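Visitor:
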Amino acid sequence: MKQIILIICLAALLSGCAKVQEYRRSDAAMGTIWDISLIASDGKKAEKAADEVFDEIKRLESVMSLRNKESELCRLNNAAGKGPVKVSDDILKVLSVALKVSELSGGSFDVSIGPVVALWGFAGGKEENVPARSEIDAVHALVGYKQIFVDSGKKEVTLKKKGMILDFGGIGKGYALDRAALILSKYGLKNYMLSAGGQILAAGRNFKGKPWRIGVRHPRNNEKLLTVLNESGKCIATSGDYEHFFIKKNKIYHHIFNPASSKPVSDTISVTVVLDSGGTELPNTLADALSTAVFVMGSKSGTALMNGIKGAESIVVSETEKGTGITVSESLKNRIEIEY
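At position 240 of the sequence shown the residue is numbered 251 (the numbering used here), and the sequence of numbers has no breaks.
#1: Determine the contact status of Ser288 and Ser250, defining contact as a CB-CB distance below 7 Å.
#2: Would DSSP call Leu71 helix, strand or coil?
#3: Please check if any C-beta of chain B sits within less than 7 Å of the C-beta of Tyr198.
#4: For Leu21, name the three-state secondary structure that DSSP assigns.
#5: Buried or exposed, going by whether 16 or more other CB atoms sit within 10 Å of the CB of Ser206?
#6: Classify Asp101 as buried or exposed, calling it buried when 16 or more other Cβ atoms lie within 10 Å of its own Cβ.
#7: So what does DSSP say about Met308, is it helix, strand or coil?
#8: For Ile263, collect the residues of the same chain with a Cβ closer than 6 Å to its Cβ; drop the 5 residues on either side in sequence, then sort them by chain order.
#9: From Ser76 to Met41, what distance separates their C-alpha atoms?
#10: Helix, strand or coil for Lys235 per DSSP?
#11: Would you report the Cα separation of Tyr351 and Lys221, rounded to the nearest angstrom?
#12: Could you check the C-alpha separation between Met204 and Tyr34 for me, to the nearest Å?
#13: Take the Cβ of Lys80 as the centre, count every other Cβ of all protein chains shown within 10 Å, and call the residue buried at 16 or more, exposed below.
#14: Between Thr338 and the rest of its own chain, which residues show a CB-CB distance below 6 Å, the 5 nearest in sequence each way excluded?
#15: Can you give me the Cβ contacts of Glu63 inside the same chain, cut-off strictly under 6 Å, excluding the 5 residues immediately before and after it?
#16: Can you check which of these residues, Pro270, Cys246 and Ser312, is closest to Phe120 by C-alpha distance?
#17: Look at the alpha carbon of Ala348 and the alpha carbon of Met175, and state the distance between them as a whole number of angstroms.
#18: Quick one: residues in its chain with C-beta nearer than 6 Å to the C-beta of Arg228, no 5 flanking neighbours on either side, listed in chain order?
#19: Can you look up Thr296 in the DSSP assignment and give me helix, strand or coil?
#20: Measure how close the beta-carbons of Asn202 and Gly185 come, nearest whole angstrom, since I'm counting them as under 8 Å.
#21: Counting C-beta neighbours from all protein chains within 10 Å, is the total for Thr331 16 or more, i.e. buried, or is it exposed?
#22: Which residue comes first and which comes last in the alpha helix (DSSP H) that contains Leu11?
#23: Classify Phe160 as buried or exposed, calling it buried when 16 or more other Cβ atoms lie within 10 Å of its own Cβ.
#24: Any idea what DSSP makes of Gly125, helix, strand or coil?
#25: Taking only three categories from DSSP, how would you classify Ser163?
#26: I'd like to know if the stretch 176-183 and the stretch 122-142 are in contact, where contact means that at least 3 CB-CB pairs between them fall below 8 Å.
#27: Which partner residues of Lys259 appear in the DSSP bridge assignment?
#28: Do you know how far the Cα of Ala304 is from the Cα of Glu67?
#29: Starting from Ser145 and walking both ways along the alpha helix (DSSP H), at which residues does that stretch end?
#30: Which residues does DSSP list as the beta-bridge partners of Leu205?
#31: Rounded to whole angstroms, what is the Cα-Cα separation between Glu341 and Asp252?
#32: Can you tell me which of the three DSSP states Asp62 falls into?
#33: With 16 as the cutoff for other CB atoms within 10 Å, does Asn345 come out buried or exposed?
#34: Secondary structure at Thr291, three-state DSSP: helix, strand or coil?
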């Protein structure tokens, strides 16, 4: 059921005939709540842009959903081991970023993790559980981004092994944000914030003419923030072990898996990636994938990766022998204050 809330803030930012207002809208898609805040003087334009943004998000959900067995991604997965499949530009673009991050991270990010996600019960349709070692070994053999072959010229993708499952859960919302940004640009809107769970795009200025203030959740205390980011022109992506998890015998098992073991990552608690929105063609897609890659890599290796990427910053929260540890990338250290 579609639920849309539209709030029009009537206070004026500037004097004159055209009042600059903040238009907000929320809706559910891709397993989370999407929020849009648009700063504009033309209400009809803002409403039309918001309509188009949500239409696009719902379209992409139908393309990349694993729960919709008629989706394009499911059709590709069903052809695993059978040869090349024609795919859309959406699938090609997501895979281009996914495979790039897989290479950068040494396989710590891998969209072929689908069989593992399903085995542990995080894909829906199956009770969450701790699988037997033999079951983990069986699906682990199906994980490997190097078994994904992309022919951009022919617009074809081949999944080499039968039973492979591509899962865009760690990158799809970022791509949807990039598509939404293109739509808002088409309407001439330059000041806005879009959020989808842990994925945020902040552009221009807020209603008060200042950079957007974005709170980063403390992963172990819901009543406080880890830090506050004052950002403009940034893509912000957060991955945390608190997002989807279950508890068995007093142990927490979450939804972010290490492709090297096909088990949940054990030491990292949360990762927030901050990326310049103008540094690449699909910055939100990249930030989304990087947050998962750094989560798997851990504080030392993950932060080293981020320090080597221009315009990229990160905050990594980890479990250590001495308690909770927080590692901040070099360029971000002097810009934020951390609440422990």
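Even glycine gets a Cβ: it sits at the ideal position worked out from N, Cα and C.
All values reported here derive from a predicted model rather than from experimental measurement.
Guide: Let's see:
#1: Taking the first residue of the sequence shown as 1, we reach residue 288 at position 277. Taking the first residue of the sequence shown as 1, we reach residue 250 at position 239. Contact: no.
#2: To locate residue 71, count along the sequence shown from 1; it is residue 60. Correct three-state label for Leu71: helix.
#3: Absent here is chain B; the protein component of the structure consists of one chain.
#4: Translated into the one-based positions of the sequence shown, residue 21 becomes position 10. Any reading at Leu21 must be qualified, since the residue scores a pLDDT of 34, below 50, and its modelled position is unreliable; the value itself is stated next. If DSSP states are grouped into helix, strand and coil, Leu21 belongs with coil.
#5: Looking up residue 206 in the sequence shown gives position 195. By the 10 Å Cβ count, Ser206 comes out buried.
#6: For the purposes of this step, residue 101 is identified with residue 90 of the sequence shown, where counting begins at 1. Buried, since its Cβ has 16 or more Cβ neighbours within 10 Å.
#7: Translated into the one-based positions of the sequence shown, residue 308 becomes position 297. Correct three-state label for Met308: helix.
#8: Within the sequence shown, the letter at position 252 stands for residue 263. Phe256, listed in sequence order.
#9: Here residue 76 refers to the residue found at position 65 when the sequence shown is read from its first residue. Here residue 41 refers to the residue found at position 30 when the sequence shown is read from its first residue. If you take the alpha carbons of Ser76 and Met41, they lie about 8 Å apart.
#10: For the purposes of this step, residue 235 is taken as residue 224 along the sequence shown, with counting starting at 1. Three-state result, Lys235: coil.
#11: Numbered from 1 along the sequence shown, position 340 holds the residue referred to as residue 351. Numbered from 1 along the sequence shown, position 210 holds the residue referred to as residue 221. About 27 Å.
#12: To locate residue 204, count along the sequence shown from 1; it is residue 193. To locate residue 34, count along the sequence shown from 1; it is residue 23. If you take the alpha carbons of Met204 and Tyr34, they lie about 11 Å apart.
#13: Residue mapping note: residue 80 aligns to position 69 of the sequence shown, counting from 1. Lys80 should be labelled exposed.
#14: Locating residue 338 in the sequence shown gives position 327, counting from the first residue. By the criterion of a C-beta distance shorter than 6 Å, Thr338 is surrounded in its chain by Ser310, Thr314 and Val327, once the five residues flanking it on both sides are discounted.
#15: Start at 1 with the first residue of the sequence shown, and residue 63 comes out as number 52. Counting only Cβ-Cβ distances below 6 Å, and skipping sequence neighbours, we find Ile194.
#16: Here residue 120 refers to the residue found at position 109 of the sequence shown. Taking only the C-alpha atoms, the option nearest Phe120 is Pro270.
#17: Reading the sequence shown from its first residue, position 337 is the one you call residue 348. Reading the sequence shown from its first residue, position 164 is the one you call residue 175. Before going further, note that residue 348 is Glu rather than Ala in the sequence given. Roughly 43 Å between the two C-alpha positions.
#18: Position 217 of the sequence shown, counted from the first residue, corresponds to residue 228. Excluding residues within five positions, none has a Cβ falling inside 6 Å.
#19: Position 285 of the sequence shown, counted from the start, is the residue given in the question as residue 296. Three-state result, Thr296: helix.
#20: As a first step, residue 202 is located in the sequence shown; it is residue number 191 there, counting from the start. As a first step, residue 185 is located in the sequence shown; it is residue number 174 there, counting from the start. The pair is not a contact, with the Cβ atoms about 21 Å apart (cut-off 8 Å).
#21: As a working note, residue 331 is residue 320 in the sequence shown. Thr331 should be labelled exposed.
#22: Since the displayed the chain opens at 12 and closes at 351, residue 11 lies outside it and no answer follows.
#23: Working through the sequence shown from its first residue, we reach residue 160 at position 149. Burial is judged here by how many other beta carbons sit within 10 angstroms of a residue's own beta carbon; Phe160 has fewer than 16 and is exposed.
#24: Here residue 125 corresponds to residue number 114 of the sequence shown, with the count starting at 1. Helix at Gly125.
#25: Taking the sequence shown and counting its residues from 1, one reaches residue 163 at position 152. DSSP places Ser163 in coil when its eight states are reduced to three.
#26: yes
#27: Locating residue 259 in the sequence shown gives position 248, where the first residue counts as 1. For Lys259, which the question treats as bridged, DSSP gives the partners Lys262.
#28: On the sequence shown, residue 67 is found 56 positions in, with the first residue counted as 1. On the sequence shown, residue 304 is found 293 positions in, with the first residue counted as 1. Their Cα atoms are separated by approximately 27 Å.
#29: Stepping through the sequence shown from its first residue, residue 145 is reached at position 134. Start and end: Arg144 to His151.
#30: Counted from its first residue, the sequence shown places residue 205 at position 194. Ile47 and Leu212, per the DSSP bridge assignment.
#31: Here the question's residue 341 lines up with position 330 in the sequence shown. Here the question's residue 252 lines up with position 241 in the sequence shown. Counting only the Cα atoms, Asp252 lies some 24 Å from Glu341.
#32: In the sequence shown, the residue the question calls residue 62 occupies position 51. Helix at Asp62.
#33: Locating residue 345 in the sequence shown gives position 334, where the first residue counts as 1. The residue is exposed, with fewer than 16 neighbouring Cβ atoms inside 10 Å.
#34: Counted from its first residue, the sequence shown places residue 291 at position 280. The answer is coil: DSSP assigns Thr291 none of H, G, I, E or B.
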